[in-house]
Each structure stands twice: as C-alpha cells, then as structure tokens.
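There are 4 protein chains.
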Amino acid sequence: MARYAIATEDKQARREAILDAAKTLFLAGDGTLPSAGDIANASQLAKGTVYLYFRTKEEIFSALLAASLLDSLKELESVLSELKGRRADKVASFIASFVSIIESRPELLRLDAISYGVLEKNLEAETMLEVKREFIIALSHTASMIEFVMKIAAGRGVLLLMRTFAMTRGIWQASQPCDIDLLDEALALPVLQPVFHTELTEALNEYWRGALAS
Amino acid sequence: MARYAIATEDKQARREAILDAAKTLFLAGDGTLPSAGDIANASQLAKGTVYLYFRTKEEIFSALLAASLLDSLKELESVLSELKGRRADKVASFIASFVSIIESRPELLRLDAISYGVLEKNLEAETMLEVKREFIIALSHTASMIEFVMKIAAGRGVLLLMRTFAMTRGIWQASQPCDIDLLDEALALPVLQPVFHTELTEALNEYWRGALAS
Amino acid sequence: MARYAIATEDKQARREAILDAAKTLFLAGDGTLPSAGDIANASQLAKGTVYLYFRTKEEIFSALLAASLLDSLKELESVLSELKGRRADKVASFIASFVSIIESRPELLRLDAISYGVLEKNLEAETMLEVKREFIIALSHTASMIEFVMKIAAGRGVLLLMRTFAMTRGIWQASQPCDIDLLDEALALPVLQPVFHTELTEALNEYWRGALAS
Amino acid sequence: MARYAIATEDKQARREAILDAAKTLFLAGDGTLPSAGDIANASQLAKGTVYLYFRTKEEIFSALLAASLLDSLKELESVLSELKGRRADKVASFIASFVSIIESRPELLRLDAISYGVLEKNLEAETMLEVKREFIIALSHTASMIEFVMKIAAGRGVLLLMRTFAMTRGIWQASQPCDIDLLDEALALPVLQPVFHTELTEALNEYWRGALAS
DNA sequence: TATGAATGAGTTTTCATTCAT
DNA sequence: AATGAATGAAAACTCATTCAT
C-alpha cells in the first residue's frame with residue numbers, strides 16, 4: 613500500500629481500502645465515527661494520504677452509506693426481477709427479501725441513524741447533493757420496477773419505496789438495545805425492544821397491505 | 613424568580629428555566645446539542661448552577677425529550693377520548709391529530725433523531741432506564757385507549773402505536789431539507805424532500821388501513 | 613450535630629468532628645485531600661458550616677498535621693521519661709518507640725508528604741506561622757528532654773530530633789509502594805521498596821550512632 | 613531548530629526544548645506543575661505538539677526528574693572515581709560533592725518533593741515502572757562503586773545510598789522557607805529554617821560516621 | 001503521491017468558597 | 001449559628017485537517 617497509486621485502478625483500490633477500514637472500524641465501534649487517524653492506521657496509510665482520497669472524514673462515511681444504499685437497491689431490483697405469482701405473494705416475497713437485504717448490511721442503518729446530525733454536518737454541499745442525486749436516480753429506477761412488477765400506478769412506486777425505507781429506519785431505531793441489561797420486568801415487555809427482523813416484517817406487511825388496498 | 617431557590621417550587625421553576633433555555637437554543641441551532649455554557653448563559657445562571665439541577669448536559673435534553681414525548685401522549689389521549697363516529701373516521705381523525713401534535717413540538721423529532729448516538733451516550737444508565745420506564749407506562753396507557761376506542765384486539769394497540777411512531781421518525785428524517793438550497797431540478801422531485809405534514813399523513817393512513825384490515 | 617453549638621465546648625466538639633471526618637476520608641482516599649463537600653457530608657454538617665470552623669480546606673489538614681505532630685512529641689516525651697539504663701540502650705529504646713509512634717499515626721507522614729506543594733498553598737500566612745511556632749515550642753521542649761535524658765550537649769537535641777524526622781520523612785517516601793504490582797524481577801530488589809519499619813529502625817540507629825560518636 | 617522535526621535528532625531536540633521549558637517554568641513557579649498550555653507557549657509550540665512528545669503532562673516532569681536523578685548519579689560516580697586518601701577523607705569528600713551536586717540541580721528535590729501525590733498519579737503504570745527500573749540499575753551501579761571505593765561490604769552500598777537520599781529529601785523539605793518573611797524572633801531559631809547546605813552536610817556526616825562504625 | 005509532524009480550537013465538569021436565607 | 005444554593009475559574013487532552021518534506 614505504500615507504493616504510489618498512479619493508475620486509475622490503483623487509486624480506486626486505495627479508495628476501497630479506506631472505505632473497508634472505515635466500515636470495519638465503524639461496525640466494531642460504539643456508533644461514533646472512528647477517528648481519521650484510526651482509519652488511516654487500519655488502511656495501512658498515512659493520515660495525510662486519506663485526505664488525498666476524501667476531503668473530510670464525513671465524506672468517507674457518506675460514501676459508505678451511499679454505496680450501501682445503492683447496493684441494496686441493486687439487490688432489490690434483482691429480487692424484483694425474479695418475483696412470480698399473484699401480487700400478494702410478490703409483495704410478501706419482496707418484503708422478506710427487503711428485510712434480509714437490509715439485515716445483511718448492518719452499516720446501512722447504523723450510518724443512516726446518525727446521518728442527520730453527524731454526517732450532514734461537515735459535508736460539502738456539493739458532495740451531499742451528488743449523493744442525493746445518485747440516490748434519487750437509483751431509487752426512481754427501482755421504483756419503476758416495483759410499479760411494473762407489482763402493477764402499481766405510475767408514480768406510486770417511489771412513494772411506497774420511500775415509506776418502506778422510512779418504516780425501516782424508524783423500527784430499527786426502536787429495536788436498538790440499551791447498552792445496559794438492567795431491563796427489569798417492566799421493560800420485559802418485548803414491545804419496546806422488539807426483535808428487528810420480526811417487527812419490521814410485520815410492520816411492512818401491514819403497510820403494504822394498506823398501501824395497495826384500493 | 614427568587615434569587616435563591618429554596619422552596620421546592622422555586623427549584624422547579626429554575627429547572628424549567630434551564631429546560632426552556634436548552635430547548636430554545638437547540639431549536640435555534642444546527643441540530644447539535646448546545647454547550648453547557650450557552651445554556652447557563654441563556655438561563656441567566658452560572659455554569660455551575662446548571663449542574664446543580666442536572667448531572668450532565670445530556671440529562672437536560674433527555675429530560676426535554678421525555679417531557680415532549682409524555683406530553684404528546686397525553687394530548688393524544690385527550691384526542692382519543694373525543695373521537696366519535698365509525699372506526700374509519702376515528703382513525704383518520706386520530707392520524708390528523710397525531711400529525712398536528714407532532715408538528716406542534718418541533719423539538720420532539722429533532723431530539724429523537726439524535727437520541728441514538730448522542731443522548732444515549734453520556735447518560736447515566738439509571739437515568740435512561742427511568743426515562744424508558746416512564747415512557748413504557750405512558751405508552752401502554754395510550755395503547756389501551758386506542759384499543760378501546762378503535763375496538764382493536766388487546767395487545768395490538770401498543771404495536772400500532774409503536775409503528776406509528778416508527779413511521780413518523782423515518783419520514784421526518786427523510787423530510788429534512790439539506791442546509792443548502794442548491795436543490796437543482798433533479799431534486800425538484802418532491803419525493804425526496806417531501807413535505808412532512810402531507811407525507812406523514814398519507815403514509816400513516818396507508819399503514820393504519822393495512823393494519824386494521826382483517 | 614444540627615443544633616447550634618453555643619458553648620465553647622460544643623464548638624470544640626464540632627471542630628473535632630470535622631477533623632475526624634477529614635482524617636478518616638484522607639486515610640481512606642488516594643493521597644489527595646478530600647473535597648470540602650465530602651468532609652461536610654461525613655461530619656453531618658452543611659458545607660457552609662465547615663467554613664465557620666476553618667477558613668480554608670487546607671487549614672483543616674494543617675490542623676490535623678499539627679495535632680498529629682504535637683501528639684507524637686507528647687508521646688515521645690512520655691517515652692523519654694521512662695528510659696533507663698546505659699545511653700546506648702536508651703537510644704535503641706527511644707528509636708524503637710519513635711518508630712512505633714510514627715507508625716501508629718498513618719496520617720502524619722501522609723500529610724507531611726504533601727505538605728510542601730499542597731498544604732502550604734492556600735494557607736494563610738498567619739495560620740502557617742502559628743502552626744510552626746507551636747511546633748517549635750513543642751519540639752524544643754522534647755529536645756531538652758532528649759538532652760537531659762541522653763546527656764547530650766545543650767543545643768544538640770533539637771538538631772538530632774530534626775534530623776531524625778528528616779530521615780523518617782525520606783525513608784517513608786521511599787517505602788511507598790507503587791500502585792501497581794507489576795514489579796518484575798528487577799524491582800524485586802527489596803532495597804527500593806523497603807519495609808518501612810525495618811528500614812527506618814536501621815537507618816535511625818546508624819544515624820544516632822554517628823551523631824553520638826564524639 | 614528545524615520547522616518540521618523529521619530527523620531523529622531534530623525530534624530529540626524538540627523533546628529537549630519541551631523539557632527545558634517545563635523545567636524553567638517549574639522552577640520559576642510556586643511548586644505546582646505548570647499547565648500544559650504554558651509549557652507549549654514557552655516551547656514555542658502548539659499545545660497539541662507537546663502531546664506528540666509526551667502522553668501526559670506528568671510524563672514531562674517524570675522525565676525531568678528521572679534525567680536529573682540519573683545525571684546526579686553519573687556525576688556522583690565521576691566524583692567517586694577520583695577519591696583518594698583514607699576512608700574518612702573519602703567519605704567527607706564524597707558528602708561534600710554530593711551536596712554540591714544536589715544543589716546544582718534545584719529541580720531535583722522540588723520535583724521529588726511532589727512526586728508522591730502529584731507525579732505518581734496521572735502517570736501510566738508502564739512509564740513509572742520504566743523510570744523506576746532505570747533508576748534502580750543506575751543506583752545499583754553507583755552503589756557498587758561506593759562499596760568498592762569505600763571498601764564497604766557488598767550489599768551495604770545501596771542501603772547507604774538510599775538512606776543518604778532519604779536524609780537529603782527530609783532535610784530539604786525542612787529547609788524550605790515559608791513564602792512569607794514574617795519570621796519573628798521565635799522562628800529566628802535557625803533550627804527550623806536551617807540552611808540547607810550546612811544542615812545536610814552535617815547530617816550526612818553524622819549518618820555516615822554511624823553507618824561505617826563497625 | 002505519500003508521509004506524518006504540527007496545529008489549536010473547543011468543551012465538560014469539579015469544587016472551593018461565598019452569601020442569601 | 002447553620003444551611004445549602006450559587007458562583008465561575010480553571011485546564012487537560014483530542015482530533016480533524018493542513019502542509020512541509
């Protein structure tokens with residue numbers, strides 16, 4: 613890694629190395645963004661080098677979040693393209709896959725949860741815009757597929773998808789365990805510490821049922 | 613306000629003064645918790661005095677969040693007790709009121725959005741537990757009313773309420789405008805910067821319709 | 613303790629209570645002076661009350677140190693008055709008693725060790741002088757007894773006593789264990805972590821032998 | 613000094629600069645450790661830079677103390693190697709030199725006096741151990757020379773040296789003038805404010821005479 | 001390009017002491 | 001005399017970012 617990265621592909625590889633290190637560190641950590649120094653160490657690069665590839669620390673994680681989001685959408689599309697059967701079955705299938713996809717990317721919701729208030733600060737306006745733009749395009753594309761596959765009116769797909777993400781975000785935050793296990797009997801109500809997988813699946817099924825009811 | 617807060621009521625008043633200052637500062641700010649020093653200044657108190665009433669800065673905002681939440685629930689109950697007509701009407705009415713209540717407390721969702729990752733750290737375990745416990749009790753109470761008023765099976769109320777909050781959280785975050793107004797035509801798609809009020813109302817209606825469909 | 617102390621003896625008792633609390637706290641602690649608040653709590657008094665009896669926190673510990681010192685001297689005199697036999701025996705006996713006396717007052721050397729650099733600051737000039745004056749008088753008295761009992765030239769007693777204290781101070785500090793027990797084989801040399809009692813006894817015996825050699 | 617200290621020697625120089633500044637400030641001060649900010653200013657460096665060279669403020673002074681101590685021992689050895697004549701003369705000479713050496717390093721005893729209670733706290737266990745280990749080795753070496761030069765039984769040298777230091781420490785503390793010059797006639801007794809040089813010389817002579825008396 | 005040395009702003013909390021009651 | 005509410009100074013250390021090499 614200490615050699616000069618001159619070819620475009622080498623540069624790309626170095627970027628990836630930084631992103632990987634950042635992701636690993638973030639997931640291993642306590643929800644706080646790891647320090648730039650730690651990321652540099654973990655990437656086997658000098659601190660200054662990191663700043664050759666990203667303008668700010670937040671940009672790293674913003675990129676990570678964007679990548680996760682786009683990957684999820686891509687995977688979702690691949691799922692969508694395989695759906696068969698009646699609409700109700702497709703929807704159930706879709707939701708099940710959606711939940712799996714989300715769960716297979718733990719960094720996604722953890723980053724999303726702090727994106728307001730942490731990531732959004734210290735982020736160049738341009739960068740954020742760029743990310744949003746990319747996301748919109750990808751989202752629209754997936755939404756179109758949903759409309760097509762589920763036979764939904766044009767324009768509804770994007771709403772359904774956004775609200776699906778919204779519910780996901782909200783339920784994820786509610787599912788986070790306290791650091792402490794002093795949960796006494798009152799807290800034993802599983803309601804307040806729901807199991808993410810189950811809870812999200814149910815909630816999304818309810819939501820889609822309502823959204824598709826004419 | 614008495615120069616020296618000796619009577620219990622004076623102490624309470626001073627506590628409120630701090631909370632008020634904190635809320636004002638937070639709402640005026642950029643989503644970051646205002647510094648303890650600023651809160652002290654705004655409350656016309658010395659820095660040390662603030663720490664006589666709250667053990668840490670986070671405790672202040674935790675208290676603020678809890679109060680907002682509990683007040684919302686109380687207001688919600690008052691709404692519930694007035695609902696008349698067929699269930700569908702009651703639901704629509706309830707949702708409309710819910711959205712209004714939420715919007716009338718701007719600090720609620722802003723604090724909630726950073727509660728994971730900022731408030732939860734630096735908060736005594738006990739304090740957090742106490743807050744959660746109170747919240748659970750209040751939530752259960754409101755949930756019971758919902759079950760009663762909407763004629764919903766026992767145990768479903770709390771789920772509906774939790775998911776309602778989840779959707780709210782998620783949509784709020786999606787509705788936050790970027791700091792910048794560089795929104796170009798691509799972002800003009802209102803989808804990604806939805807108007808909170810409208811978007812939430814629709815989403816909740818869809819959700820409740822699905823949830824109540826047998 | 614909450615009642616008013618009007619009689620002089622009551623005041624004295626309250627003073628003692630504070631001193632006791634301070635001593636207990638100091639000995640239980642980590643070598644730092646306990647906070648004024650803790651002392652007040654431990655004495656069952658309000659913080660303000662403590663300051664009715666002592667002008668500064670340091671004054672409390674200064675008084676404690678002075679009392680310990682004076683008591684030690686008094687006890688030493690009582691030992692001196694009992695000494696019998698040849699001078700060499702008297703000296704050995706005296707040293708043995710001295711070491712015991714010192715060891716029976718753990719606060720003495722602990723306070724003495726921080727007296728330079730902690731106690732001396734934040735102490736009214738007058739107070740410090742007063743303490744020193746008292747100490748000089750007591751020391752001179754004891755020194756006279758030493759001269760008389762040991763048949764030492766006038767004026768030598770005070771020097772011997774001062775140097776005895778000096779050696780004691782120095783050896784005590786050398787005998788303090790590190791907080792850590794990571795002492796590896798190199799540190800196993802007991803020389804550097806001598807056992808206070810033994811080491812002091814030996815050192816003082818050597819010193820006195822030399823001092824008394826004509 | 614190079615703007616950027618990249619060469620090892622430049623780094624060493626910067627370290628020295630910090631130590632020098634710290635020493636100067638400490639000696640000019642009131643016995644308290646100067647603040648990290650002040651040290652940085654005096655070294656013409658930024659606060660953060662100081663922390664690139666030392667992990668904590670205490671580490672700076674610990675290094676200073678260690679250096680002083682080791683230098684003293686080295687100088688002492690050089691003195692020892694020159695001693696000539698009968699043992700009694702060697703001892704007297706040695707003591708005289710010892711006192712001079714100690715006096716030529718005013719920071720040594722001042723730091724030593726606060727080492728218990730200030731330096732020992734806030735100091736990494738490892739660091740402290742390392743310092744102690746180095747000191748032990750140097751001390752043992754000097755002790756061997758003493759044994760050789762003075763023809764003392766093996767193992768006695770280290771004891772004599774330790775006790776010499778102990779006496780030095782103790783007498784130094786007793787020799788410290790009050791901040792105030794309100795010394796009235798009672799305190800005029802030079803006993804309690806002895807002149808360090810004279811007092812230490814006498815005391816050490818007495819001690820060594822006793823220690824070497826068979 | 002890569003490095004890593006240098007920078008310095010930024011903030012919570014403690015606690016001795018005072019003084020209104 | 002007693003209380004305890006109020007004060008506000010004081011300081012170590014981190015870490016994102018820059019820039020000399």
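Going down the list, the sequences are from chains A, B, C and D. Each residue of the first sequence is one higher than the one before, starting from 613 at the first, in the working numbering. Each residue of the second sequence is one higher than the one before, starting from 613 at the first, in the working numbering. Each residue of the third sequence is one higher than the one before, starting from 613 at the first, in the working numbering. Each residue of the fourth sequence is one higher than the one before, starting from 613 at the first, in the working numbering. We put the CB at the ideal spot given by N, CA and C, even for glycine. Quick caveat, the model's predicted, so the values are computed rather than measured.
Can you check whether the C-beta of A:A648 is within less than 7 Å of a C-beta belonging to chain B?
Numbered from 1 along the first sequence, position 36 holds the residue referred to as residue 648 of chain A. With 7 Å as the cut-off, A:A648 does not count as an interface residue toward chain B.
Give the range of the alpha helix (DSSP H) segment to which C:G649 is assigned.
For the purposes of this step, residue 649 of chain C is identified with residue 37 of the third sequence, where counting begins at 1. Segment A648 to A654, the alpha helix (DSSP H) holding C:G649.
Uninterrupted beta strand (DSSP E) stretches inside the region 733-770 of chain A (no shorter than 3 residues):
none
Chain D within 7 Å of C:E759, Cβ atoms only:
Mapped onto the third sequence, residue 759 of chain C falls at position 147. Output row for C:E759: interface = no.
Could you say if the region 621-635 of chain D and the region 647-654 of chain D meet the contact criterion of at least three C-beta pairs nearer than 8 Å?
yes
Spatial neighbours of A:G769 within its chain, please: C-beta separation below 7 Å, excluding the five flanking residues on both sides.
The residue given as residue 769 of chain A occupies position 157 in the first sequence. Only A755, S756, I758 and E759 meet the Cβ criterion.
Note down, in chain order, every chain C residue with its Cβ under 7 Å from the Cβ of D:I714.
Here residue 714 of chain D refers to the residue found at position 102 when the fourth sequence is read from its first residue. The contacting residues do not exist; D:I714 stays about 13 Å from chain C at best.
With a CB to CB cut of under 7 Å and the five nearest residues on each side skipped, what residues in its chain are close to A:I707?
One-based indexing of the first sequence puts residue 707 of chain A at position 95. Same-chain partners within the cutoff: T813, L816, N817 and W820.
Is the beta carbon of B:L637 sitting closer than 7 Å to the one on B:A625?
The residue you call residue 637 of chain B lines up with position 25 of the second sequence. The residue you call residue 625 of chain B lines up with position 13 of the second sequence. It is not a contact, given that the beta carbons lie outside the stated cut-off.
Give the DSSP-derived three-state secondary structure of B:I618 in the structure shown.
Indexing the second sequence from 1 puts residue 618 of chain B at position 6. Note: B:I618 maps to coil in three-state DSSP.
Let me see if you follow: with CB-CB separation under 7 Å, is B:M779 close to chain A or not?
Residue mapping note: residue 779 of chain B aligns to position 167 of the second sequence, counting from 1. Judged by the 7 Å Cβ criterion, B:M779 is in contact with chain A.
Rounded C-beta distance between A:G822 and B:A825? I'm assuming under 8 Å.
For the purposes of this step, residue 822 of chain A is taken as the residue at position 210 of the first sequence. For the purposes of this step, residue 825 of chain B is taken as the residue at position 213 of the second sequence. About 7 Å; that satisfies the 8 Å criterion.
Any beta-carbon of chain D closer than 7 Å to the one on C:R775?
Working through the third sequence from its first residue, we reach residue 775 of chain C at position 163. It does; some Cβ of chain D falls within 7 Å.
Residue nearest to A:A786 in terms of C-alpha spacing, selected from B:S693, B:H809 and B:L771:
What you label residue 786 of chain A is simply residue 174 of the first sequence in a count that begins at 1. Closest option to A:A786, Cα to Cα, is B:L771.
Note down the Cα distance separating B:T810 from A:A778, rounded to an integer number of angstroms.
Residue mapping note: residue 810 of chain B aligns to position 198 of the second sequence, counting from 1. Residue mapping note: residue 778 of chain A aligns to position 166 of the first sequence, counting from 1. Answer to the nearest angstrom: the Cα atoms are 14 Å apart.
D:F673 and D:L735: beta carbons closer than 7 Å?
To locate residue 673 of chain D, count along the fourth sequence from 1; it is residue 61. To locate residue 735 of chain D, count along the fourth sequence from 1; it is residue 123. Contact: no.
Tell me, please, whether the region 708-718 of chain C touches the region 680-692 of chain C by the rule of three or more beta-carbon pairs shorter than 8 Å.
yes
Between the alpha carbons of C:M762 and D:A750, how many angstroms are there, rounded?
To locate residue 762 of chain C, count along the third sequence from 1; it is residue 150. To locate residue 750 of chain D, count along the fourth sequence from 1; it is residue 138. In a straight line, the C-alpha of C:M762 is about 40 Å away from that of D:A750.
Taking the alpha-carbon of A:E628 as reference, which of A:K733, A:F808, A:L721 and A:A675 has the nearest alpha-carbon?
As a working note, residue 628 of chain A is residue 16 in the first sequence. Out of A:K733, A:F808, A:L721 and A:A675, A:A675 has the C-alpha closest to the C-alpha of A:E628.
What separation, rounded to the nearest whole angstrom, lies between the Cα atoms of B:E738 and A:L657?
The sequence position of residue 738 of chain B within the second sequence is 126, counting from 1. The sequence position of residue 657 of chain A within the first sequence is 45, counting from 1. So the two alpha carbons sit approximately 42 Å from each other.
Quick one: list the residues of chain D neighbouring C:Y728, beta-carbon separation under 8 Å, in chain order.
Reading the third sequence from its first residue, position 116 is the one you call residue 728 of chain C. Those are G643, A725, I726, Q785 and Q788, listed as they occur along chain D.
A:R781 and A:L721 look like a contact to me (Cβ under 8 Å); what is the Cβ gap, rounded to whole Å?
Sequence index remark: in the first sequence, residue 781 of chain A carries index 169 (1-based). Sequence index remark: in the first sequence, residue 721 of chain A carries index 109 (1-based). Contact flag correct, Cβ pair sits at about 7 Å.
DSSP on B:P789, reduced to helix/strand/coil?
If you number the second sequence from 1, residue 789 of chain B lands on position 177. In this structure, B:P789 counts as coil in the three-state DSSP scheme.
Nearest residue (CA-CA) to C:I746, options C:P646, C:L681 and C:A619
Taking the first residue of the third sequence as position 1, residue 746 of chain C is located at position 134. Looking at the sequence shown, residue 746 of chain C is not Ile but Glu. Of C:P646, C:L681 and C:A619, the residue nearest in Cα terms is C:L681.
Answer yes or no: does any C-beta atom of chain A fall closer than 7 Å to that of B:G769?
On the second sequence, residue 769 of chain B is found 157 positions in, with the first residue counted as 1. Output row for B:G769: interface = no.
Of the listed residues A:S727, A:S684 and A:G729, nearest to A:I713 (C-alpha basis)
Residue 713 of chain A sits at position 101 when you count from the first residue of the first sequence. Measuring from the Cα of A:I713, the nearest candidate turns out to be A:S684.
Proximity winner among B:E670, B:L773 and B:V743, relative to B:S752 (alpha-carbon distances)
Translated into the one-based positions of the second sequence, residue 752 of chain B becomes position 140. Closest by alpha carbon: B:L773.
Near A:K733, which residues of its chain fall below 8 Å by C-beta distance, leaving aside the five closest residues on each side in sequence?
As a working note, residue 733 of chain A is residue 121 in the first sequence. Cβ neighbours of A:K733 beyond the five flanking positions: E670.
Interface partners of C:Y665 on chain D, CB under 7 Å
As a working mapping, residue 665 of chain C is identified with position 53 in the third sequence. Ordered by position in chain D, no residue passes the 7 Å Cβ test against C:Y665, which lies about 24 Å from the chain.
Determine which residues of the region 694-709 of chain B have a Cβ less than 8 Å from any Cβ of chain A, and write them out in chain order.
none
Would you mind reading off the limits of the alpha helix (DSSP H) that contains D:Y665?
As a first step, residue 665 of chain D is located in the fourth sequence; it is residue number 53 there, counting from the start. Taken as a continuous stretch (DSSP letters only), the alpha helix (DSSP H) holding D:Y665 covers K659 to Y665.
Which residue's Cα is closest to the Cα of D:D642: D:L692, D:L723 and D:A765?
What you label residue 642 of chain D is simply residue 30 of the fourth sequence in a count that begins at 1. Selected option, being the one with the closest Cα: D:L723.
Would DSSP call C:E694 helix, strand or coil?
By 1-based counting over the third sequence, the position of residue 694 of chain C is 82. Coil.
By how many angstroms is the C-alpha of D:L741 removed from the C-alpha of C:T644?
Stepping through the third sequence from its first residue, residue 644 of chain C is reached at position 32. Stepping through the fourth sequence from its first residue, residue 741 of chain D is reached at position 129. Rounded to the nearest angstrom, the two C-alpha atoms are 22 Å apart.
First and last residue of the alpha helix (DSSP H) that includes C:L824?
Start at 1 with the first residue of the third sequence, and residue 824 of chain C comes out as number 212. Note, C:L824: alpha helix (DSSP H), F808 to L824.
Which value, in whole angstroms, describes the spacing of the CA atoms of C:K744 and D:A765?
By one-based count along the third sequence, residue 744 of chain C stands at place 132. By one-based count along the fourth sequence, residue 765 of chain D stands at place 153. So the alpha carbons of these two residues sit roughly 42 Å apart.
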